[in-house]
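Chains as they are written, first to last, in numbering that gives the first Met the number 0: chain A, 0 to 97; chain B, 0 to 97; chain C, 0 to 97; chain D, 0 to 97; chain E, 0 to 97.
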Amino acid sequence: MILARVVGTVVSSHKAPKIEGIRFLLLEKIDPVTMQGKNDFVVAMDSVGAGTGEIVFYVSGSSARFTDTTQGKPADSTIIAIVDNIEKEGRFTYRKDN
Amino acid sequence: MILARVVGTVVSSHKAPKIEGIRFLLLEKIDPVTMQGKNDFVVAMDSVGAGTGEIVFYVSGSSARFTDTTQGKPADSTIIAIVDNIEKEGRFTYRKDN
Amino acid sequence: MILARVVGTVVSSHKAPKIEGIRFLLLEKIDPVTMQGKNDFVVAMDSVGAGTGEIVFYVSGSSARFTDTTQGKPADSTIIAIVDNIEKEGRFTYRKDN
Amino acid sequence: MILARVVGTVVSSHKAPKIEGIRFLLLEKIDPVTMQGKNDFVVAMDSVGAGTGEIVFYVSGSSARFTDTTQGKPADSTIIAIVDNIEKEGRFTYRKDN
Amino acid sequence: MILARVVGTVVSSHKAPKIEGIRFLLLEKIDPVTMQGKNDFVVAMDSVGAGTGEIVFYVSGSSARFTDTTQGKPADSTIIAIVDNIEKEGRFTYRKDN
Chain A
0 MILARVVGTV VSSHKAPKIE GIRFLLLEKI DPVTMQGKND FVVAMDSVGA
50 GTGEIVFYVS GSSARFTDTT QGKPADSTII AIVDNIEKEG RFTYRKDN
Chain B
0 MILARVVGTV VSSHKAPKIE GIRFLLLEKI DPVTMQGKND FVVAMDSVGA
50 GTGEIVFYVS GSSARFTDTT QGKPADSTII AIVDNIEKEG RFTYRKDN
Chain C
0 MILARVVGTV VSSHKAPKIE GIRFLLLEKI DPVTMQGKND FVVAMDSVGA
50 GTGEIVFYVS GSSARFTDTT QGKPADSTII AIVDNIEKEG RFTYRKDN
Chain D
0 MILARVVGTV VSSHKAPKIE GIRFLLLEKI DPVTMQGKND FVVAMDSVGA
50 GTGEIVFYVS GSSARFTDTT QGKPADSTII AIVDNIEKEG RFTYRKDN
Chain E
0 MILARVVGTV VSSHKAPKIE GIRFLLLEKI DPVTMQGKND FVVAMDSVGA
50 GTGEIVFYVS GSSARFTDTT QGKPADSTII AIVDNIEKEG RFTYRKDN
């Protein structure tokens, strides 16, 4: 799974019937050490109610269909977790403000 | 899913029987912030009737077979949405002209 | 799917039993605007009888098994079309000589 | 499969129900000759009880669901082995301290 | 499929039960024109008895499970052929010594 920041939304009124009602979030992949964006973007379906600014990880490939939200749908990237913290070699590189 | 601009078409008269009658569109991946093309191209099957110049997103991998158009077909990239707008941190980077 | 030029063949006498009798072609990915090779190569199974010099597109991933030639076989790249022409924004970047 | 070093953990309290109870490890891909990190990170599910500092390899794609830990789950990267040693052309580039 | 040279082995005593008894080979991807290594490595399961120094190609993704050796196993890269020769535009870039 890949770490990313939710940076926006993508809206489509003309789409495959199977994806009606799904939210599409714009994600920017991040470096989990510096927490900087990598200027590399992906559109993901959201299975966890993530919002702009949150750090998430998403699953790619066929496993993107293995959530209740995306089952049977043409998904290749699905957010499956909102991240609370990232720890690297004993130090937090990220802690979510609560 | 990946954002791209439809930039053309690819025509083949000699192809696998299962893909007879399918439209093949040439897509150029875009940077969703600047909306510039990345000079990185993919051939996609079209499940939504997209046309040249439109911004779309396509699904990759096995999920490219999960549309009515592409079910059971050797597809690895299928357009599943024509994009109306892209919003990044409260600002539109793209709005479709209607 | 990805556009490529057939540039050669790969021969193996010692291989997995399931791929006996399959032709393996060496493909060089191309830039579909300049039609130049990208010096990036892949070995593909051939489902359409492509020959050296032809422009083709191939399908990757599990869908590479979705042709009559490759069904049930350990394929991750299968040529599914010989390209007649590529059109980008109203101009042909490639037209096959007939 | 790809060689990587376990460098940390990723914690999420808000995630897809199917992945409750799974450990998420932060991996840094390595060059198996120099054993240096490549500054390229992935979040993996752990099927073998790996710990920080260990060299592992993980499996990607649908096969990431083919362990007892990850079966039926939205996994695209699963650690399947802790590495004892890596040998390249007759020399060890890595030997685990026991 | 991708061309690579077998450059070594990876040994693990602590691994997922399903991959007990499988050989893990270290592959370096090659440029099939110059036959030089690309300093890009992958760990592959071996279905054909390949040895160090041999040129092979391996299959990625779900198709890596489509050999007798790897069926049902968490494999994403499996060697399916030992290469005898590579021909590019009428010239051999590689011929195996017999």
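The C-beta atom is built at its ideal place from N, Cα and C for all residues, glycine as well.
Check	Outcome
So with CB distances below 7 angstroms, who are the chain B contacts of C/LEU24?	Neighbours of C/LEU24 on chain B: none; closest Cβ ~15 angstroms, over 7 angstroms.
Please report the residue range of the beta strand (DSSP E) in which D/ALA80 lies.	76 to 81
Under a three-way DSSP split, which group does B/ILE21 fall into?	coil
Can you pull the chain D neighbours of A/PRO31, defined as C-beta to C-beta under 7 angstroms?	LEU25 and PHE40
To be precise: take each residue of the region 62 to 86 of chain D, compare its Cβ to all Cβ atoms of chain A, and keep it if any distance is under 8 angstroms. Which residues remain?	ALA63, ARG64, GLY71, LYS72, PRO73, ALA74, ASP75 and SER76
For E/GLY60, return the contacting residues in chain D, with the cut-off set at a CB-CB distance below 9 angstroms.	SER59, GLY60, SER61 and SER62
If you measure from the beta carbon of A/GLY50 to each beta carbon in chain H, is any gap under 9 angstroms?	Of the protein chains in this structure, namely A, B, C, D and E, none is chain H.
My assumption, with CB atoms under 8 angstroms, is that B/PHE56 sits in contact with A/VAL42. Please give the rounded CB distance.	5 angstroms
Cβ closer than 7 angstroms: which chain E residues qualify as neighbours of D/SER46?	ALA15
Are the beta-carbon atoms belonging to B/GLU86 and A/VAL10 less than 9 angstroms from one another?	yes
Would you mind working out which of A/LEU2, A/ASP39, A/PRO31 and A/THR66 sits nearest D/PRO16, comparing C-alpha positions?	A/THR66
My assumption, with CB atoms under 8 angstroms, is that C/SER46 sits in contact with C/THR92. Please give the rounded CB distance.	About 25 angstroms separates the two Cβ atoms, so there is no contact after all.
Classify E/GLY7: buried if its beta carbon has 16 or more other beta carbons within 10 angstroms, exposed otherwise.	buried
If you measure from the beta carbon of C/ILE21 to each beta carbon in chain B, is any gap under 9 angstroms?	no
Would C/ILE81 pass as a contact of B/HIS13 if the rule is Cβ separation under 9 angstroms?	yes
Alpha carbon to alpha carbon, what distance is there between D/ARG4 and D/PHE40?	10 angstroms
At 7 angstroms on the CB atoms, spell out the chain D contacts of E/ILE1, in chain order.	The contacting residues do not exist; E/ILE1 stays about 14 angstroms from chain D at best.
Rounded to whole angstroms, what is the Cα-Cα separation between B/THR33 and B/SER62?	28 angstroms
Given that E/VAL55 touches chain D, what residues does it touch there, using C-beta distances under 8 angstroms?	Under the 8 angstroms cutoff, chain D gives no residues; its nearest Cβ is about 15 angstroms from E/VAL55.
Within 9 angstroms of any Cβ in chain C, is that where the Cβ of E/GLY36 sits?	no
Note down, in chain order, every chain E residue with its Cβ under 7 angstroms from the Cβ of C/GLY7.	ILE85, GLU86, LYS87 and GLU88
Just to confirm, are E/ILE21 and E/ILE54 a CB contact at a threshold of 9 angstroms?	no
Which of the three DSSP states is assigned to C/GLY50 in this structure?	coil
To the nearest angstrom, how far is the alpha carbon of A/PRO31 from that of B/THR68?	39 angstroms
Looking at the structure shown, is B/SER59 part of a helix, part of a strand, or coil, going by DSSP?	strand
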